[in-house]
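Taking our numbering, the leading residue of the sequence shown gets 29, the next gets one more, and so forth.
Ideal Cβ placement from N, Cα and C applies to all residues, glycine included.
Below is one structure, written out as structure tokens; the observations come after it.
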Amino acid sequence: MDTTPNDLLVLLAVSRTAKFTTAAHNLGLTHSTVSRRIAALEKSLGGRVLARSDDGWELTDLGERAVAVAEQMETAVAELESPGQGPETVSGVVRMTATDGFSAYVASPAVAKLRRRHPGLSVEIVTVTRQALQQRSGLDIEVVV
29 MDTTPNDLLV LLAVSRTAKF TTAAHNLGLT HSTVSRRIAA LEKSLGGRVL ARSDDGWELT
89 DLGERAVAVA EQMETAVAEL ESPGQGPETV SGVVRMTATD GFSAYVASPA VAKLRRRHPG
149 LSVEIVTVTR QALQQRSGLD IEVVV
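Below, the structure is given as structure tokens:
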């Protein structure tokens, strides 16, 4: 079996767009390269991975299995490229400033949701008037509305 990871990722892109042209554009490849990679994948797997549909291409049963492997591969590469970036590692203090209205109606609910997802994160909201808004230092985020 000569299945390559790149061929699986090409299939993954086609499965997400249902079109060779769109998948090619998203991957920075040509339509003919995508077509060749899919043909090579089908040859190495010994069957069709895509079938023509009214809306483009859809996965066959073999294609579904191949895409499941491609998704696992994509996830593994993403984890490798960003080690330790899981939700449990977000911590520290973020200071932001905004007007009273924005702080009460937008920032506070968003910060509450953020804190539930990242308990180690502390967010300090400093409310100010519009005149004083752009005259603060030591802030990580400044919202001007």
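Spatially closest choice to R76 from R65, T58, N54, by CA coordinates: R65
Spatial neighbours of R123 in its chain, beta-carbon cut-off 6 Å, leaving aside the 5 residues before and after: E152, L167, D168
Enclosing beta strand (DSSP E) for L87 [first to last residue]: 84-87
Contact under 8 Å by Cβ, T54 with T45: The sequence shown places Asn at residue 54, not Thr. Result yes, Cβ atoms of N54 and T45 sit closer than 8 Å.
Under the three-state DSSP convention, the category V156 falls into: strand
Neighbourhood of L39 by C-beta, 7 Å cutoff - its chain only, sequence neighbours within 5 removed: I66, L69, V77, G91, A94, V95, A98
Which of helix, strand or coil DSSP assigns to V139: helix
Boundaries of the beta strand (DSSP E) in which T127 is found, first to last residue: 120-127
Pair within 8 Å by beta-carbon distance, S43 and L73: no
Reduced DSSP category for R80 - H, G, I as helix; E, B as strand; rest coil: strand
Distance between S119 and A138 (C-alpha atoms, nearest Å): 16 Å
Alpha-carbon spacing of R145 relative to A106, whole angstroms: 20 Å
For W85 and A41, the rounded distance between their alpha carbons: 11 Å
Cβ neighbours of A51 in the same chain (closer than 6 Å, five flanking residues each side left out): A41, V42, T45, V62
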